[in-house]
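Participant: One structure, as structure tokens, below. Some questions next.
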Amino acid sequence: MDKVSFFSIVKNYKAVFLDSYGVLKNHQGLIEGVVDTIKLIRDEGIELRVLTNDASRSQVQQVQMFEDLGLRGLEEKEIITSGMLARQFLELKIKTGKFAYLGTENSANYIMKNGLTGIPISDVDIENSSDVAAFVFLDDEGFDWHRDINRTINFLRRNNLPIIVANSDKYYPISRDDVAVAIGGISRLCESVLNQKFIRFGKPDSQMFMFAYDDINETGNFGKSDILMVGDTLHTDILGGNKFGLKTLLVLSGNTRAKHAEVKINSTGIIPDYIADSILE
Ligand SMILES: [Mg+2]
Numbered sequence: 001m002d003k004v005s006f007f008s009i010v011k012n013y014k015a016v017f018l019d020s021y022g023v024l025k026n027h028q029g030l031i032e033g034v035v036d037t038i039k040l041i042r043d044e045g046i047e048l049r050v051l052t053n054d055a056s057r058s059q060v061q062q063v064q065m066f067e068d069l070g071l072r073g074l075e076e077k078e079i080i081t082s083g084m085l086a087r088q089f090l091e092l093k094i095k096t097g098k099f100a101y102l103g104t105e106n107s108a109n110y111i112m113k114n115g116l117t118g119i120p121i122s123d124v125d126i127e128n129s130s131d132v133a134a135f136v137f138l139d140d141e142g143f144d145w146h147r148d149i150n151r152t153i154n155f156l157r158r159n160n161l162p163i164i165v166a167n168s169d170k171y172y173p174i175s176r177d178d179v180a181v182a183i184g185g186i187s188r189l190c191e192s193v194l195n196q197k198f199i200r201f202g203k204p205d206s207q208m209f210m211f212a213y214d215d216i217n218e219t220g221n222f223g224k225s226d227i228l229m230v231g232d233t234l235h236t237d238i239l240g241g242n243k244f245g246l247k248t249l250l251v252l253s254g255n256t257r258a259k260h261a262e263v264k265i266n267s268t269g270i271i272p273d274y275i276a277d278s279i280l281e
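Start counting the sequence shown at 1; every next residue gets the next number (UniProt numbering).
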């Protein structure tokens, strides 16, 4: 597949959904030149949303993080996180009581709503936990992996509850060559041990695309063919965009390296409509 320039493609769309990690930023910080690209998107009058499988920060904290990295002017409403969708699910399905979680206290505070209390799995009395109404996999930090993953397994073996994965990513890059296991990866370990299927939020599942689509259509009039989904990962950004019926553009500035792109596309069967080096030109 021939590479294209992001600038030449995005101009044909009324809205663009951008993945965050690997597109706007990487392990070193903001990808140089992204500020100019965002300006171009705005100057062209193209509606923008950032779709991130990150449940560890609220929208406000995401905006702040981008500002700290040097990208100013993103609005809260322009950021859609998988944590928001987990929160929405809890709002609709679990009215009162406690949810147990693996993750940081900050991530739990964010998805909490009135009437619900978050309790880290380390504080749950496994033998006496009838007041716990749901379990949420939130973040890969904030707990002791050995002790608390085992506690989680034993807790879930005893209790039949809705189990939610707020970030379905298996891993995330921490340097040019290395990755760290994300909470989605830990959730898969638990699924495999328990032989269960949990409820996942985040790309490639359609809720985030639906949320973003409904959101831009509150103030505008967008069809699916008006929207370009841009991401660096085939099995989340591109698969999710394709399934939702959007045109997709794979960038080679993150997870998918130029030298592997063709092979990965062929072996997975996940085919982007376009490939570009980055969103910088
Ligand atoms: Mg990414």
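Beta carbons are placed, not taken as given, at the ideal position from N, Cα and C, and that holds for glycine.
Determine the direct distance from the alpha carbon of residue 231 to that of residue 44, and round the result to whole angstroms.
Facilitator: 20 Å
Participant: Distance, Cα to Cα, residue 247 vs residue 52?
Facilitator: 18 Å
Participant: For the stretch 27–73, which segments carrying the alpha helix (DSSP H) assignment without a break, of at least 4 residues, lie completely within its bounds, in sequence order?
Facilitator: 34–43 and 59–69
Participant: Across which residues does DSSP place residue 173 in a beta bridge pair?
Facilitator: 179
Participant: Taking the alpha-carbon positions, what's the residue 137 to residue 154 distance?
Facilitator: 15 Å
Participant: Going by the beta-carbon positions, is the gap between residue 3 and residue 215 smaller than 8 Å?
Facilitator: no
Participant: Can you give me the start and stop residues for the beta strand (DSSP E) that residue 108 sits inside?
Facilitator: It is not in any beta strand (DSSP E) - residue 108 instead sits in the alpha helix (DSSP H) that spans 105–111.
Participant: Could you tell me the alpha carbon to alpha carbon distance between residue 165 and residue 38, rounded to whole angstroms?
Facilitator: 30 Å
Participant: Residue 193 to residue 142, Cα distance in whole Å?
Facilitator: 22 Å
Participant: Looking at C-alpha atoms only, which residue of 233, 234 and 209 is the closest neighbour of residue 223?
Facilitator: 209
Participant: Look at residue 134 and residue 92 and say whether their C-beta atoms are less than 8 Å apart.
Facilitator: no
Participant: Do residue 102 and residue 36 have their C-beta atoms closer together than 8 Å?
Facilitator: no
Participant: Report the rounded CA-to-CA distance for residue 63 versus residue 31, giving the unit in angstroms.
Facilitator: 16 Å
Participant: Considering only their Cβ atoms, is the gap separating residue 184 from residue 170 smaller than 8 Å?
Facilitator: yes
Participant: Taking 7 Å as the line, does the beta carbon of residue 232 fall inside it for any heavy atom of ligand 1?
Facilitator: yes
Participant: DSSP three-state label for residue 247, please.
Facilitator: strand
Participant: Thinking C-alpha only, which one of 46, 157 and 172 is nearest residue 21?
Facilitator: 172
Participant: Would you please state the rounded distance, in angstroms, between the beta carbons of residue 87 and residue 111? I believe it to be under 8 Å.
Facilitator: 4 Å
Participant: Please classify residue 221 as buried or exposed, where buried requires at least 16 other C-beta atoms within 10 Å of its C-beta.
Facilitator: exposed
Participant: Residue 139 and residue 104 - do their beta-carbons sit closer together than 8 Å?
Facilitator: yes
Participant: Near residue 117, what residues of its chain come up, given a Cβ to Cβ distance below 7 Å and the 5 sequence neighbours on each side ignored?
Facilitator: If we look at residue 117 and ignore the five residues flanking it on each side, its Cβ neighbours are 98.
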